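In UniProt numbering, the protein residues as written are 1 to 122.
Built from N, CA and C at the ideal position, the CB exists for glycine as well.
In this text the structure is predicted, and so the values were computed from the model without any measurement.
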(Lines of atoms letter the chains of each structure in order from A; the text may use other names.)
(Lines give C-alpha, C1' and ligand atoms only; values in the text may rest on other atoms or scores of the structure.)
Protein backbone atom coordinates (compact mmCIF):
# COMPACT_ATOMS: atom_id res chain seq x y z
CA UNK A 1 0.00 0.00 0.00
CA UNK A 2 1.15 3.46 -0.82
CA UNK A 3 0.83 6.21 1.76
CA UNK A 4 -1.71 8.88 1.07
CA UNK A 5 -0.01 12.11 0.18
CA UNK A 6 -1.51 15.11 1.83
CA UNK A 7 -2.54 17.60 -0.77
CA UNK A 8 -1.33 21.07 -0.13
CA UNK A 9 -3.19 24.12 -1.23
CA UNK A 10 -1.75 25.31 -4.49
CA UNK A 11 0.53 28.29 -4.25
CA UNK A 12 -1.32 31.59 -4.46
CA UNK A 13 -1.58 32.95 -7.96
CA UNK A 14 0.06 36.17 -9.03
CA UNK A 15 -3.33 37.93 -8.88
CA UNK A 16 -4.00 36.61 -5.37
CA UNK A 17 -0.60 37.86 -4.23
CA UNK A 18 -1.29 41.22 -5.86
CA UNK A 19 -4.69 41.40 -4.14
CA UNK A 20 -3.14 40.61 -0.73
CA UNK A 21 -0.45 43.25 -1.31
CA UNK A 22 -3.13 45.85 -2.05
CA UNK A 23 -5.14 44.85 1.04
CA UNK A 24 -1.97 45.32 3.12
CA UNK A 25 -1.40 48.73 1.52
CA UNK A 26 -4.99 49.72 2.30
CA UNK A 27 -4.55 48.70 5.94
CA UNK A 28 -1.26 50.59 6.18
CA UNK A 29 -2.82 53.73 4.65
CA UNK A 30 -6.34 53.52 6.07
CA UNK A 31 -6.02 56.70 8.14
CA UNK A 32 -5.07 58.83 5.15
CA UNK A 33 -7.86 60.79 3.50
CA UNK A 34 -5.82 60.41 0.29
CA UNK A 35 -6.50 56.67 0.20
CA UNK A 36 -8.57 56.32 -2.94
CA UNK A 37 -8.65 53.81 -5.81
CA UNK A 38 -6.67 56.22 -8.02
CA UNK A 39 -3.92 56.52 -5.41
CA UNK A 40 -3.84 52.75 -4.88
CA UNK A 41 -3.54 52.13 -8.61
CA UNK A 42 -0.70 54.61 -8.86
CA UNK A 43 1.14 53.13 -5.86
CA UNK A 44 0.86 49.59 -7.20
CA UNK A 45 1.63 50.40 -10.84
CA UNK A 46 -1.68 49.31 -12.25
CA UNK A 47 -4.54 51.06 -13.97
CA UNK A 48 -7.65 52.02 -12.02
CA UNK A 49 -9.65 49.71 -14.27
CA UNK A 50 -7.35 46.78 -13.48
CA UNK A 51 -7.63 47.55 -9.77
CA UNK A 52 -11.43 47.49 -9.94
CA UNK A 53 -11.28 44.25 -11.95
CA UNK A 54 -8.97 42.66 -9.37
CA UNK A 55 -11.45 43.49 -6.60
CA UNK A 56 -14.40 42.39 -8.75
CA UNK A 57 -12.74 38.97 -9.04
CA UNK A 58 -13.15 38.77 -5.25
CA UNK A 59 -16.76 39.98 -5.38
CA UNK A 60 -15.78 43.40 -4.04
CA UNK A 61 -15.73 47.03 -5.12
CA UNK A 62 -12.47 48.71 -4.10
CA UNK A 63 -13.98 52.07 -3.03
CA UNK A 64 -16.69 50.29 -1.04
CA UNK A 65 -14.09 48.03 0.58
CA UNK A 66 -12.07 51.06 1.73
CA UNK A 67 -15.16 52.82 3.09
CA UNK A 68 -16.40 49.72 4.91
CA UNK A 69 -12.96 49.05 6.39
CA UNK A 70 -12.86 52.61 7.71
CA UNK A 71 -16.38 52.33 9.11
CA UNK A 72 -15.54 49.05 10.84
CA UNK A 73 -12.52 50.69 12.48
CA UNK A 74 -14.68 53.65 13.54
CA UNK A 75 -17.19 51.23 15.08
CA UNK A 76 -14.38 49.55 17.02
CA UNK A 77 -13.23 52.94 18.30
CA UNK A 78 -16.77 53.83 19.36
CA UNK A 79 -16.98 50.61 21.40
CA UNK A 80 -14.10 51.78 23.59
CA UNK A 81 -15.98 52.87 26.71
CA UNK A 82 -12.92 54.64 28.12
CA UNK A 83 -12.55 56.92 25.11
CA UNK A 84 -14.38 60.24 25.11
CA UNK A 85 -13.00 61.34 21.75
CA UNK A 86 -15.46 63.44 19.78
CA UNK A 87 -17.38 61.62 17.09
CA UNK A 88 -15.98 63.84 14.35
CA UNK A 89 -12.47 63.12 15.63
CA UNK A 90 -13.02 59.39 15.26
CA UNK A 91 -14.19 59.85 11.69
CA UNK A 92 -11.24 62.09 10.87
CA UNK A 93 -8.80 59.65 12.48
CA UNK A 94 -9.93 56.88 10.13
CA UNK A 95 -9.81 58.94 6.94
CA UNK A 96 -13.20 60.64 6.68
CA UNK A 97 -12.61 64.28 5.82
CA UNK A 98 -16.20 65.38 6.45
CA UNK A 99 -18.21 64.63 9.61
CA UNK A 100 -21.52 64.73 7.77
CA UNK A 101 -20.33 62.14 5.24
CA UNK A 102 -18.97 59.97 8.07
CA UNK A 103 -22.23 60.10 10.01
CA UNK A 104 -24.35 59.33 6.94
CA UNK A 105 -22.12 56.45 5.82
CA UNK A 106 -22.03 55.03 9.35
CA UNK A 107 -25.80 55.05 9.61
CA UNK A 108 -26.13 53.37 6.20
CA UNK A 109 -23.75 50.58 7.27
CA UNK A 110 -24.87 50.02 10.86
CA UNK A 111 -28.43 51.37 10.95
CA UNK A 112 -27.70 53.91 13.68
CA UNK A 113 -25.74 57.14 13.95
CA UNK A 114 -22.25 57.06 15.48
CA UNK A 115 -23.63 58.74 18.62
CA UNK A 116 -26.39 56.14 19.01
CA UNK A 117 -23.88 53.36 18.42
CA UNK A 118 -21.59 54.72 21.14
CA UNK A 119 -24.49 54.96 23.61
CA UNK A 120 -25.46 51.34 22.95
CA UNK A 121 -21.91 50.22 23.67
CA UNK A 122 -21.71 51.97 27.03
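Review point. In this structure, does DSSP put residue 94 in helix, strand or coil?
Key: coil
**Study point:** Where the alpha helix (DSSP H) through residue 68 begins and ends
**Key:** 62–78
Check your understanding: Quick one, are the C-beta atoms of residue 105 and residue 67 less than 8 Å apart?
Key -> yes
**Study point:** Alpha-carbon to alpha-carbon, residue 42 and residue 52
**Key:** 13 Å
Review point. Are at least three pairs of beta-carbons, each pair with one atom in the segment 47–62 and one in the segment 92–106, less than 8 Å apart?
Key: no
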